[in-house]
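Undergrad: Before anything else, here's the structure in question.
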Amino acid sequence: MNFILGILLTLSGINSTYIVKWNLKDNKITSSITVKTSIWKVTSYCQCPKCCGKFSDGITASGKKVKVGMVANNWLPFGTKVFIKGLGEFTVEDRGNKKYFGTKEEKRKTIDVYFNSHKEAKEFGVKFLKVKVL
Ligand SMILES: [Zn+2]
């Protein structure tokens, strides 16, 4: 047997999964595929001043009236659909604090899910879930 097929989980950063093929003859990794689905930090917000500060007017960064089904992310283009395991499909329409959500250059795997009330957002809290960019 010349090859070992395995799964390598990178521990630095947030859990990107790679499938690797290892050539035993040369002791080299000959191919690897990055799997798009990975674990993201999923947080929650509503339109109150506690969650949005001075941006608590109920209008998203893309200019729409904020509603359930919308999420904030700082590097996916507006209108991008994402699937969050256990929650369903959402559309990126908002942006978040660069300190927590990164920038176009620093693509952090974080997403902020909109809820209608502060109570619901608070109950959701912070979860680490599988997210797929559709
Ligand atoms: Zn709130």
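Mapped onto this note's numbering, the consecutive letters of the sequence shown carry residue numbers 1490 to 1623.
Built from N, CA and C at the ideal position, the CB exists for glycine as well.
A quick note: this is a predicted structure, and the numbers were derived from the prediction, not measured.
Taking the C-alpha atoms as reference points, what is the distance between GLY1614 and LYS1530?
TA: Between GLY1614 and LYS1530, the C-alpha separation is close to 11 angstroms.
Undergrad: Do VAL1560 and TYR1603 count as a contact pair if the criterion is CB distance below 8 angstroms?
TA: In this structure, VAL1560 lies closer than 8 angstroms to TYR1603 by Cβ.
Undergrad: Less than 8 angstroms between the C-beta atoms of PRO1538 and SER1527, yes or no?
TA: No.
Undergrad: Let's see if you can read the secondary structure: which residues bound the beta strand (DSSP E) around GLU1612?
TA: Here GLU1612 belongs to no beta strand (DSSP E); instead the alpha helix (DSSP H) covers 1607 to 1613.
Undergrad: Is it the case that the Cβ atoms of THR1580 and GLY1591 are separated by a distance below 8 angstroms?
TA: No. Outside cutoff.
Undergrad: How many angstroms separate the CA atom of GLY1636 from the CA atom of ILE1600?
TA: In the structure as shown, the chain starts at 1490 and stops at 1623, and residue 1636 therefore has no counterpart that could be examined.
Undergrad: Using a threshold of 7 angstroms, is the CB atom of ALA1610 nearer than that to any non-hydrogen atom of ligand 1?
TA: The answer is yes for ALA1610.
Undergrad: For TYR1603, verify whether its CB is less than 7 angstroms away from any heavy atom of ligand 1.
TA: Outside the cutoff, so no.
Undergrad: Please state whether DSSP places GLY1575 in a helix, a strand or coil.
TA: Coil, per DSSP.
Undergrad: Looking at TYR1534 and ligand 1, is the gap between the Cβ and the nearest heavy atom below 7 angstroms?
TA: Yes, the Cβ of TYR1534 comes within 7 angstroms of a heavy atom of ligand 1.
Undergrad: Look at the alpha carbon of GLU1594 and the alpha carbon of THR1549, and state the distance between them as a whole number of angstroms.
TA: In a straight line, the C-alpha of GLU1594 is about 21 angstroms away from that of THR1549.
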